[in-house]
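Novice: If you read the sequence shown in this note's numbering, its first letter stands for residue 1050, the second for the next number, and so on. Here a beta-carbon is modelled for each residue, glycine too, at the ideal position from N, C-alpha and C.
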Amino acid sequence: MKQLRQPNREIISYTPRVEPAPPTHAQRLDDYRDVWLLRGKFVAFVLAGDTFCRSPAFEMPQAAQRWADQMRQDDEV
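Okay, here's the thing in structure tokens:
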């Protein structure tokens, strides 16, 4: 019987993209601190040092804001 998992396959995890600034075509949501509307999805941009970390695309703005809050909390530790 064939194995379900490939034992030597590398696990890929998400690393935030680093950008100089949020894109100009993104629309900022006033109700949220770090959430922007980008191509129909909600994306969070968090300032880390002198660059912005970009979240993956989310369906809900609350999820993007939670990601941004978690990033801020992780950086403070």
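Alpha carbons only, please: which of L1096, P1072 and T1100 is nearest the one belonging to A1117?
Specialist: For A1117, the nearest C-alpha among the options comes from L1096.
Novice: Counting only the same chain and skipping the five closest in sequence on each side, list residues whose C-beta sits under 6 Å from that of K1090.
Specialist: For K1090, where only same-chain residues beyond five positions count, the Cβ hits under 6 Å are A1106.
Novice: If I'm right that P1071 touches F1101 with Cβ under 8 Å, what's the distance once you round it to whole angstroms?
Specialist: At roughly 6 Å, the Cβ-Cβ gap stays under 8 Å, so P1071 and F1101 are in contact.
Novice: My output table needs one value for A1106: the three-state DSSP class, helix, strand or coil.
Specialist: Three-state result, A1106: coil.
Novice: Kindly indicate the opening and closing residues of the beta strand (DSSP E) around R1066.
Specialist: Residues R1066 to E1068.
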